[in-house]
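Structure first, then comments.
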Amino acid sequence: DAGVTQSPTHLIKTRGQHVTLRCSPISGHKSVSWYQQVLGQGPQFIFQYYEKEERGRGNFPDRFSARQFPNYSSELNVNALLLGDSALYLCASSLLPPTGIGNTIYFGEGSWLTVV
Amino acid sequence: AQTVTQSQPEMSVQEAETVTLSCTYDTSESDYYLFWYKQPPSRQMILVIRQEAYKQQNATENRFSVNFQKAAKSFSLKISDSQLGDAAMYFCACAGAQKLVFGQGTRLTINP
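Note that the protein sequences, when read in sequence, are chains A and B.
Counting in our numbering, the first sequence runs from 852 upward without gaps.
Counting in our numbering, the second sequence runs from 3 upward without gaps.
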């Protein structure tokens with residue numbers, strides 16, 4: 852079975868541009884979360900979606916938005932890019948919301964975003 | 003609110019020896035899970051071990067085991083018979099209802 856897949860793996864954008872990152876969860880998984888990992892730090896929570904509904908939002912500006920599609924894949928959108936948005940964006944997939952009984956959370960390989 | 007603290011930015015161990023990575027956490031949620039993830043230079047976050055907070059028995063996965071002290075809110079990872087492939091950043095994380103909260107990580111070096 853395929854793991855969590857993310858695209859693109861690497862991209863370079865200019866300040867002020869818009870970016871869309873994509874994530875396909877493990878087959879059968881209904882929960883997708885997004886995390887931002889700046890170099891040298893632990894990942895920071897951005898969004899969690901379960902059954903196509905937003906279930907949680909981290910402390911990120913409104914320039915960040917996301918959605919989950921009927922097939923449970925997800926997109927993360929970032930508008931008006933700033934240099935500080937340069938980071939690894941990780942998608943996490945799980946069968947249930949994070950504390951669902953028996954739940955395990957798996958990560959994709961991430962999308963490296965560089966803003967210049 | 004949840005916080006996770008890893009007080010050891012770097013650790014090193016001789017190949018084949020045992021090393022323990024420390025983690026403390028705080029959460030207001032009654033139902034939560036704890037995880038250790040490994041992040042090699044490729045940056046993919048790989049699950050090492052998981053502990054349900056309602057279970058008293060410490061989780062084990064082959065050479066990896068945890069010491070879970072719920073009252074002390076401590077969750078350390080022990081790696082036995084360390085191998086060169088264990089070299090990586092290790093992150094402790096606490097899963098609440100909505101999200102994982104990660105610590106700052108511990109960089110583990112394995113000396114041959």
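Every residue, glycine too, gets a C-beta built ideally from N, C-alpha and C.
Remember, predicted model here, so these are calculated numbers, not experimental data.
Minimum Cβ-Cβ distance from Tyr900 (chain A) to chain B less than 8 Å: Judged by the 8 Å Cβ criterion, Tyr900 (chain A) is not in contact with chain B.
Val889 (chain A) classed as buried or exposed, judged by whether at least 16 other C-beta atoms fall within 10 angstroms: Only exposed fits Val889 (chain A), as fewer than 16 other CB atoms lie within 10 angstroms of its CB.
For Val103 (chain B) and Thr5 (chain B), believed in contact at Cβ under 8 Å, the rounded distance: With 8 Å as the limit, Thr5 (chain B) and Val103 (chain B) qualify as a contact, their Cβ atoms being about 7 Å apart.
Stretch pair the stretch 36 to 48 of chain B + the stretch 91 to 98 of chain B: three plus CB contacts closer than 8 Å: They touch, by the three-pair rule.
Contact residues within the stretch 76 to 99 of chain B, judged by C-beta distance below 7 Å to chain A: Per Cβ criterion, the list reads Phe93, Ala97, Gly98, Ala99.
As assigned by DSSP and simplified to three states, the class of Asp28 (chain B): Residue state, collapsed to three classes: strand.
Secondary structure, beta strand (DSSP E): runs of 3+ residues fully inside the stretch 874 to 930 of chain A: The qualifying runs are 882 to 888, 895 to 901, 904 to 908, 915 to 919, 925 to 929.
Any chain B beta carbon closer than 8 Å to Pro876 (chain A): Answer no: the Cβ-Cβ gap between Pro876 (chain A) and chain B never drops below 8 Å.
Cβ pair count under 8 Å reaching 3, the stretch 60 to 67 of chain B against the stretch 10 to 18 of chain B: The answer is no - the stretch 10 to 18 of chain B does not touch the stretch 60 to 67 of chain B, with fewer than three Cβ pairs under 8 Å.
Proximity test, Cβ basis, 8 Å: Ile863 (chain A) and chain B: No, Ile863 (chain A) lies away from the interface with chain B (no Cβ there is under 8 Å from its Cβ).
Short Cβ contact (8 Å threshold) for Phe66 (chain B) with Gln53 (chain B): Result no, Cβ atoms of Phe66 (chain B) and Gln53 (chain B) do not sit closer than 8 Å.
Span separating the alpha-carbon of Ser30 (chain B) from that of Ala73 (chain B): If I take the Cα positions, the gap works out to 13 Å.
Under the three-state DSSP convention, the category Ile86 (chain B) falls into: Correcting the residue type first, residue 86 (chain B) is Leu in the shown sequence and not Ile. Helix at Leu86 (chain B).
Interface partners of Tyr957 (chain A) on chain B, CB under 7 Å: Under the 7 Å cutoff, chain B gives Leu49.
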